[in-house]
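Enquirer:
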Amino acid sequence: MIELKERQIIIDGKPQLIMSGEIHYFRLNKENWLDRIMKLKNAGCNTVASYVPWLCHEPIEGRVDLEGKTRPELDLGAFIDLCMEQGLMFILRPGPFIMAELKNEGIPHWIYNKYPNACQVGWDNKGTTTAALNYLHTGFLQETKKWYKTLMDVVLSRLHCNGGNIIAIQLDNEIGMLQWVSNSPDLTDETVNDFVRWLNIKYSK
Numbered sequence: 006m007i008e009l010k011e012r013q014i015i016i017d018g019k020p021q022l023i024m025s026g027e028i029h030y031f032r033l034n035k036e037n038w039l040d041r042i043m044k045l046k047n048a049g050c051n052t053v054a055s056y057v058p059w060l061c062h063e064p065i066e067g068r069v070d071l072e073g074k075t076r077p078e079l080d081l082g083a084f085i086d087l088c089m090e091q092g093l094m095f096i097l098r099p100g101p102f103i104m105a106e107l108k109n110e111g112i113p114h115w116i117y118n119k120y121p122n123a124c125q126v127g128w129d130n131k132g133t134t135t136a137a138l139n140y141l142h143t144g145f146l147q148e149t150k151k152w153y154k155t156l157m158d159v160v161l162s163r164l165h166c167n168g169g170n171i172i173a174i175q176l177d178n179e180i181g182m183l184q185w186v187s188n189s190p191d192l193t194d195e196t197v198n199d200f201v202r203w204l205n206i207k208y209s210k
């Protein structure tokens, strides 16, 4: 069991100090995984964290590779298991927005092509300077749900509560960063209408 109590992370009843380092399995040749894991472990870390880039695992709609069939370094389960063999905990970061210096912030290109109206609109009803998606677009959320479902087939048995080493899952990363740095807020009708609804609920008399 993992709990947060009095500003402490409690794992199986014991306070734990999480010393985590990033290893991006998908950016390495599979034969180099163990070398990087051992370097991280020897540096004093007890946890590995990694993004899981949807862009890499499903570049073509419906063709998801989480087992390394198209590229050996995409075998997510094998990487998590290798970390566990070395006694390391794992923090999974599947996005769907991961930034990570990847195209589309880790979102597959086909999402943009399939849902062009999901692209954000900024000031004066113009497109944003950097293409970004409306986080609340119905089509995008439906595709994200499918991505999570497929991903969980790999993840579920590896969760700490099921005897695995995954202690946490981070959904999204640096949300709103592009809008902030480019001064291009998401002003699509869907987002603005949702904001108005929230204001009415929050401040209604």
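Just so we're aligned, residue 6 is where the sequence shown starts under my numbering, counting upward by one.
Yeah, the Cβ is synthetic: ideal placement off N, Cα and C, and Gly gets one too.
Just to confirm before moving on: does the CB-CB distance between L81 and L93 stay below 7 Å?
Expert: Cβ distance not < 7 Å, so L81 and L93 don't count as in contact.
Enquirer: The beta strand (DSSP E) spanning I15 covers which residue range?
Expert: 13 to 16
Enquirer: Which runs of the beta strand (DSSP E) at least 3 residues long sit entirely within the region 152 to 195? Give them in chain order.
Expert: Counting whole runs of 3 or more residues, the region 152 to 195 contains the beta strand (DSSP E) stretches 171 to 174.
Enquirer: Suppose you measure from the CA of E179 to the CA of E110; what does that come to, to the nearest Å?
Expert: If I take the Cα positions, the gap works out to 10 Å.
Enquirer: Below 7 Å CB to CB, which residues in the same chain sit around Y191 once its five sequence neighbours on both sides are set aside?
Expert: What sits at residue 191 in the sequence shown is Asp, not Tyr. These residues qualify, in order along the chain: Q125, N139, Q184.
Enquirer: Could you give the residue range of the alpha helix (DSSP H) that holds E90?
Expert: 81 to 90
Enquirer: Taking 6 Å as the limit between beta carbons, can you name the residues of its chain near A173, skipping five residues before and five after?
Expert: Excluding positions up to five away in sequence, the list reads I96.
Enquirer: State the beta-bridge partners of P20 as determined by DSSP.
Expert: I15
Enquirer: Could you check whether A54 and E27 sit closer than 7 Å to each other, using their CB atoms as the reference points?
Expert: Yes.
Enquirer: Between the Cα of M104 and the Cα atoms of N122, A136, M89, K74, which residue gives the shortest distance?
Expert: Here the closest residue by C-alpha is A136.
Enquirer: Please state whether DSSP places V201 in a helix, a strand or coil.
Expert: helix
Enquirer: Given this structure, state the Cα-to-Cα distance separating P64 from I112, to the nearest angstrom.
Expert: 9 Å
Enquirer: Name the one or two DSSP bridge partners that E8 has.
Expert: I15
Enquirer: Alpha carbon to alpha carbon, how far is K151 from L176? Give it in angstroms, no decimals.
Expert: If you draw a straight line from the Cα of L176 to the Cα of K151, it is about 15 Å long.
Enquirer: Tell me whether T135 sits in a helix, a strand or coil according to DSSP, three-state version.
Expert: coil
Enquirer: Given this structure, state the Cα-to-Cα distance separating R32 from E78, to the nearest angstrom.
Expert: Distance between R32 and E78, taken at the CA atoms: about 8 Å.
Enquirer: Are the beta-carbon atoms of T5 and I23 separated by less than 7 Å?
Expert: A question about residue 5 goes unanswered here, because the residues of the chain that appear run from 6 up to 210.
Enquirer: Could you check if F200 is buried or exposed, using at least 16 other CB atoms within 10 Å of its CB as the buried criterion?
Expert: exposed
Enquirer: Between which two residues does the alpha helix (DSSP H) containing M43 stretch?
Expert: 38 to 47
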